[in-house]
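Student: Residues in the sequence shown are numbered consecutively from 76, following this note's numbering.
The beta carbon of each residue, even a glycine, is placed where N, CA and C say it ideally should be.
From a predicted model like this one, the values you see are computed outputs, not experimental measurements.
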Amino acid sequence: MSLYSYLSAIGFHDYKGTKEWNHLITQVIEYPTEKYIAKQDGKIIIMEYYKAYGERFGLLVRGVAEEGEQLLVKTFDPIVEAKYNTDVIEVEVEEAEEEDIYYATCEEEKTGTEVTFQLQNVIDYLDTTKIDQTTIEGVKIVGLGIEGKIIFPVEKTETEKKIEQEEETWYQELIQRAREGDEEAQELIDIEEEEISKIIAERLQYEDFLTIVEGYFMPFADIETTYSVLGIILEVEEMKNKETGEIIYWLYINCMNMKFEVCINKKDLTGIPLVGMRFMGVCWVQGKITFSEEDNVF
């Protein structure tokens, strides 16, 4: 699955060939909304060109050049700016095998879910490596969807909802204790996960999967930073690509207590997204690390 497929997520549904991609790259470089420059090893200049095509989304071209030489384009990505910060435990960043692409891995604080995403603000990150005692405040992550559908929620009684809330609170306390080194808490988490797996396996013999599992967030087919997602829709926003006129849906969903943002083209979504319904789809996850303002990174 090519990352160029995700151009559709920000309104470039029919841009599927080299000619169309080169047209967009040229447009971004010649008419950028923002431009970032950084030097590496004193000679190589790293440059980022960003062009907005709507509210909170656009295209980013990143390349390198030696002084006086033509830009060599390294990456060309659709970019969506997340609205909300995600509280995480630690963030580790590493350069991918592909040059000039960086992956960040973190653990979502509330649920303990591990998330790996492609880093958007690479130049900002590289600048911070030159500064001592830089503080990471959090991350802002979002998934770009290329296929998805809207499905009904799982029906629950008020009693079931209350019991579920109590179990969630208990589970979050266990996660916190396990992080602090409590081995008994970790054992209880492992037992709980094993029991849930057994219950689901038994129910799947006579029930539909989507009536049993309310949500999930799991890696998709061993593709780096790509996830299968199912969650309850909490917020919906409609946006438009000012170049193509295509409609984009921004969704804020709850994936088993982990809040997550999704951006998907209306043409790639089956059904009408409404609060309370569920979104199910495949997303490429990207994000931005937010640093403390006192470090004067930006």
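Compute the Euclidean distance between the alpha carbons of Y124 and L349, then round it to the nearest angstrom.
Tutor: Here the question's residue 124 lines up with position 49 in the sequence shown. Here the question's residue 349 lines up with position 274 in the sequence shown. Answer to the nearest angstrom: the Cα atoms are 35 Å apart.
Student: Whole angstroms are fine: how far does the CA of E239 sit from the CA of G218?
Tutor: Within the sequence shown, the letter at position 143 stands for residue 218. Within the sequence shown, the letter at position 164 stands for residue 239. Computed Cα separation, rounded: 27 Å.
Student: Take the Cβ of M293 as the centre, count every other Cβ of all protein chains shown within 10 Å, and call the residue buried at 16 or more, exposed below.
Tutor: Numbered from 1 along the sequence shown, position 218 holds the residue referred to as residue 293. Label assigned to M293: exposed.
Student: Excluding the five sequence neighbours on either side, which residues of its own chain have a C-beta within less than 7 Å of the C-beta of N371, listed in chain order?
Tutor: Translated into positions along the sequence shown, residue 371 becomes position 296. Unreliable positioning characterises N371 in this predicted model, as indicated by a pLDDT of 42, which lies under 50. A coordinate reading is not provided.
Student: Mind pulling the alpha helix (DSSP H) runs of 4 or more residues that sit fully within the segment 236 to 310?
Tutor: DSSP runs (the alpha helix (DSSP H)) wholly in the segment 236 to 310: 258 to 278, 284 to 287.
Student: Look up V372 in the DSSP assignment and say whether it is helix, strand or coil.
Tutor: Taking the first residue of the sequence shown as 1, we reach residue 372 at position 297. With a pLDDT of 38 at V372, under the threshold of 50, the predicted position of this residue should be treated as unreliable, though the coordinate-derived value follows. In the structure shown, V372 sits in coil (DSSP, three-state: anything other than H, G, I, E or B).
Student: Let me check understanding here. Comparing Cα to Cα, which of S83, F335, R254, I364 lies closest to F132?
Tutor: Position 57 of the sequence shown, counted from the first residue, corresponds to residue 132. Ranking the options by Cα distance to F132, first place goes to S83.
Student: Round the Cβ separation of Y291 and C330 to the nearest angstrom and send it over; I've been treating them as touching at under 8 Å.
Tutor: Taking the sequence shown and counting its residues from 1, the one referred to as residue 291 is at position 216. Taking the sequence shown and counting its residues from 1, the one referred to as residue 330 is at position 255. Correct: roughly 7 Å between the Cβ atoms.
Student: Check whether the Cβ atoms of V148 and V136 lie closer than 9 Å to each other.
Tutor: The residue you call residue 148 lines up with position 73 of the sequence shown. The residue you call residue 136 lines up with position 61 of the sequence shown. Contact flag set, yes.
Student: Roughly how many angstroms separate the alpha carbons of Q195 and T161, rounded to a whole number?
Tutor: To locate residue 195, count along the sequence shown from 1; it is residue 120. To locate residue 161, count along the sequence shown from 1; it is residue 86. Those two C-alpha atoms are separated by around 15 Å.
Student: Cα-Cα, which of G129, V103, T345, I216 is closest to M122?
Tutor: For this step, residue 122 is matched to residue 47 along the sequence shown. Per the Cα distances, V103.
Student: Just the C-alpha distance for E268 and G220, rounded to the nearest angstrom, thanks.
Tutor: Counted from its first residue, the sequence shown places residue 268 at position 193. Counted from its first residue, the sequence shown places residue 220 at position 145. Each residue's alpha carbon lies about 28 Å from the other.
Student: Is the segment 355 to 366 in contact with the segment 180 to 199, if contact means three or more CB pairs nearer than 8 Å?
Tutor: Yes: the two stretches touch, three or more of their Cβ pairs being nearer than 8 Å.
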